[in-house]
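K.L.:
Here it is: the structure, laid out below.
Residue numbers (my numbering), protein chains in the order written: chain A, 256 to 591; chain B, 256 to 591.
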């Protein structure tokens, strides 16, 4: 387990260390975020540099490469694809941020460009997992303890899952420290799940413990990176992670879940980002169906709570609490 | 593991449910806190009802009793003493709060009365553990994986530990949501440690898994209770836990650690409360030794950060991050 401790601490240290320099650099390049126009009264946030998510990227990359288990046991053929999902998802977000912040075009990438990039990543990774001997088309069903073989449907279902999770993560990133805090807690949950799979012999057969060893180092790196990033992102934020960061975290989270063959647990550990997506979808359809009525004062639902009078820090604390409860349930579901 | 999920959820529900009623009741009784006079500019907090910790007490008590493992296996002879440590520690805090808030006497219990109460609890529990066949005088040394037999010294050393932890917890409780958040994270860590001990056969010999089953239900109850309480205690707080709550949490935490024979892990999971104590002690001795100089602008050290210009929510987030990192290291140290 020393690898995981090392991964978490290095990633934390890297994010903390490069934070001030990165923020100064982003500011100098006039990377001030153009605040999404529909957000309630966040005008004072104009000028906060976006793309602070790059400090997490640096931490995750370094830790994952340095503390990766030795190659001959579930080696780079799992770690590299996981990193690719995280970093290619990030690249889509980065392109969007860059166009908005540097080119000063409000609209960023058009939606189809974003989706096209995500589809490539999602389908590519799903196909890879499908054919990988240590992953395959069966996913584990928590609580029940059985497996569910999706057969060829694994590919489209998982590809949609990747796209859905990456965008959910992106949608949740709207308040200082919100997604960072939620991902800290959920990544810690995934880390513990990996530890359980590695140490409990009865679980090793279900998900190979080499997968868990690889995903565990990655989860530890994500946890450390998020905590380091929060140093600069908590209210009042000195930097935002941007689409850069939110898509990195979404991509990393879904990749871990798939490598562990536990994508169903995302419903628990990543419940609040999923809720953000679902609230947007509900709002849109309800609005169309009723010709103008709204379920929430504003979607994603964290803006609804803001309009209701909750402060940013209160909402972050509430989401963190929910994520903590659900992540612990996820952990307990594995322990059987 | 369903018992632990149940314990966490019931405790959460109880704290959430009785919260509003309890706060209204405490307000009506004019239980407004008399803010500790040395705190920096917290005068606006005058009138916030103290003793909100009672809502956690209700959750912990109910969950521990209802979801306790069946008696014949490491049964009530572990759960009842743990509850006693938590609730008798709370009683000392409650007496203090009651005198301050209801009798409106600023000074509360005098220090010797407090210490006397704590000594009785601490020595009583240490003697009990010493003679209990499933605990005894050996404590486990994490990382190294060996045991350390304290012999008869177990009693004084552990008694001092109990007193130290309860007072550390009490000293950390000075900012909205601070101790509640830290204890949420540390209790979740203890819960995971219990799960590991229960499911990893190699660990069962070291600490009996019945101990872990009992402590796990208790840890789950504490986690749920803290998250529920934070609903009302996060900044801006509608109620404070008071000495009632802080001593309950301190007592509960140290009791779990001792039942698991892992008191050394308190240094990790309960690092920030311990730091609060240590900062007070350092400040006092340095002040005496130098005839008036100070290390910190103010102690406990969270007030130092406040004076440095950090907001309450920033300090809470920082302490939570530190506790998360250290609790994960504690978990990993057990997994070996």
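For each residue, glycine too, the CB sits at the ideal point set by N, CA and C.
Take residue 499 of chain B and list the residues in its own chain whose beta-carbon comes closer than 7 Å to its own, dropping the five residues that flank it on each side.
P.N.:
Excluding sequence neighbours, residue 499 of chain B sits near 306, 308, 309, 345, 348, 349 and 352.
K.L.:
Please return the same chain residues whose Cβ sits closer than 8 Å to the Cβ of residue 287 of chain B, not counting the five positions on each side in sequence.
P.N.:
Low confidence applies to residue 287 of chain B: its pLDDT is 49, below 50, so where it sits in the model is not reliable, and the reading given next is rough at best. Excluding residues within five positions, the ones whose Cβ falls inside 8 Å are 301, 302, 303, 304, 305 and 356.
K.L.:
DSSP has residue 394 of chain A in a bridge; who is on the other side?
P.N.:
Note: residue 394 of chain A sits in a beta bridge opposite A/403.
K.L.:
With DSSP collapsed to three states, give me the class of residue 304 of chain B.
P.N.:
Of the three classes helix, strand and coil, the one that applies to residue 304 of chain B here is strand, per DSSP.
K.L.:
If we ignore side chains and look at the alpha-carbon of each, how far apart do residue 582 of chain A and residue 518 of chain A end up?
P.N.:
Answer to the nearest angstrom: the Cα atoms are 13 Å apart.
K.L.:
Could you tell me which chain A residues have their CB closer than 8 Å to the CB of residue 569 of chain B, listed as they occur along the chain?
P.N.:
Going along chain A in sequence order, the residues near residue 569 of chain B (Cβ under 8 Å) are 489 and 490.
K.L.:
Once the 5 residues before and after residue 267 of chain A are set aside, which same chain residues still bring their CB inside 6 Å of it?
P.N.:
The residues are 479, 482 and 483.
K.L.:
If distances are taken between C-alpha atoms only, which option among A/396, A/452, A/378 and A/283 comes closest to residue 523 of chain A?
P.N.:
For residue 523 of chain A, the nearest C-alpha among the options comes from A/396.
K.L.:
Quick one: list the residues of chain B neighbouring residue 467 of chain A, beta-carbon separation under 8 Å, in chain order.
P.N.:
Those do not exist, as residue 467 of chain A stays about 11 Å from chain B at its closest Cβ, beyond 8 Å.
K.L.:
For residue 492 of chain A, tell me which candidate among A/564, A/542, A/428 and A/409 has the shortest Cα-Cα distance.
P.N.:
Taking only the C-alpha atoms, the option nearest residue 492 of chain A is A/428.
K.L.:
Give the range of the alpha helix (DSSP H) segment to which residue 540 of chain A is assigned.
P.N.:
Per DSSP, residue 540 of chain A belongs to the alpha helix (DSSP H) from 526–544.
K.L.:
Run down chain B in chain order and give the residues with a C-beta less than 7 Å from the C-beta of residue 455 of chain A.
P.N.:
Under the 7 Å cutoff, chain B gives 454 and 455.
K.L.:
Can residue 570 of chain B and residue 433 of chain B be called in contact, C-beta distance under 8 Å?
P.N.:
Result yes, Cβ atoms of residue 570 of chain B and residue 433 of chain B sit closer than 8 Å.
K.L.:
Rounding to the nearest angstrom, what Cα-Cα distance links residue 490 of chain A and residue 511 of chain B in this structure?
P.N.:
One C-alpha to the other measures close to 34 Å.
K.L.:
Contact between the region 432–451 of chain B and the region 443–458 of chain A is defined here as three or more beta-carbon pairs at a separation below 8 Å; is this criterion met?
P.N.:
Judged by Cβ distances under 8 Å, the region 432–451 of chain B makes contact with the region 443–458 of chain A, as three or more pairs qualify.
K.L.:
Specify, as a first and last residue, the run of the alpha helix (DSSP H) that residue 425 of chain A falls within.
P.N.:
Residues 409–427.
K.L.:
So, at 6 Å on beta carbons, what are the nonlocal neighbours of residue 381 of chain B in its own chain, with the 5 sequence-adjacent residues on each side left out?
P.N.:
For residue 381 of chain B, where only same-chain residues beyond five positions count, the Cβ hits under 6 Å are 410, 413 and 414.
K.L.:
Inspect the CB distances between the region 260–274 of chain B and the region 310–317 of chain B and report whether three or more fall short of 8 Å.
P.N.:
Segments in contact, yes.
K.L.:
Would you mind telling me which residues of chain A sit closer than 8 Å to residue 450 of chain B, beta carbon to beta carbon, in chain order?
P.N.:
Residues of chain A passing the Cβ test: 451, 586, 587 and 590.
K.L.:
For residue 501 of chain A, which residues from the same chain have a beta carbon less than 6 Å from its beta carbon, with the 5 sequence-adjacent residues on both sides left out?
P.N.:
Contacts found: 424, 425, 428 and 434.
K.L.:
Mapping DSSP to helix, strand and coil, what is residue 272 of chain B?
P.N.:
If DSSP states are grouped into helix, strand and coil, residue 272 of chain B belongs with the helices.
K.L.:
Taking the beta carbon of residue 365 of chain B as the centre, do at least 16 other beta carbons fall within 10 Å, making it buried, or is it exposed?
P.N.:
Looking at its Cβ environment, which holds fewer than 16 other Cβ atoms inside 10 Å, residue 365 of chain B is exposed.
K.L.:
If you reduce the DSSP assignment to three classes, tell me which class residue 287 of chain B lands in.
P.N.:
Low per-residue confidence applies at residue 287 of chain B: pLDDT is 49, beneath 50, and the placement is therefore not dependable, though the value from the model is reported in the following sentence. If DSSP states are grouped into helix, strand and coil, residue 287 of chain B belongs with the strands.
K.L.:
Buried or exposed for residue 486 of chain B, please, with buried defined as at least 16 other CB atoms from any protein chain shown within 10 angstroms of its CB.
P.N.:
Classification for residue 486 of chain B: buried.
K.L.:
Please report whether the beta-carbon of residue 266 of chain B lies at a distance below 8 Å from any beta-carbon of chain A.
P.N.:
No, residue 266 of chain B lies away from the interface with chain A (no Cβ there is under 8 Å from its Cβ).
K.L.:
With 16 other CB atoms within 10 Å as the buried threshold, where does residue 544 of chain A fall?
P.N.:
Answer is exposed; the Cβ neighbour count stays below 16.
K.L.:
Can you check whether the CB of residue 477 of chain B is closer than 8 Å to the CB of residue 438 of chain B?
P.N.:
In this structure, residue 477 of chain B lies closer than 8 Å to residue 438 of chain B by Cβ.
K.L.:
Helix, strand or coil: how does DSSP classify residue 364 of chain B here?
P.N.:
Three-state result, residue 364 of chain B: coil.
K.L.:
Buried or exposed, going by whether 16 or more other CB atoms sit within 10 Å of the CB of residue 293 of chain A?
P.N.:
Here residue 293 of chain A scores only 49 on pLDDT, less than 50, and its place in the model is too uncertain to base an answer on.
K.L.:
Does residue 592 of chain B have its Cβ less than 8 Å from a Cβ in chain A?
P.N.:
Outside the displayed range of chain B (256 to 591) lies residue 592 of chain B, so it cannot be described from this structure.
K.L.:
Give the straight-line distance between the Cα atoms of residue 495 of chain B and residue 336 of chain A, rounded to the nearest whole angstrom.
P.N.:
Each residue's alpha carbon lies about 48 Å from the other.
K.L.:
Select from A/359, A/540 and A/474 the residue whose C-alpha is nearest the C-alpha of residue 262 of chain A.
P.N.:
Residue A/474 is the option with its Cα nearest to residue 262 of chain A.
K.L.:
Alpha carbon to alpha carbon, what distance is there between residue 388 of chain B and residue 507 of chain B?
P.N.:
Approximately 21 Å between the Cα atoms of the pair.
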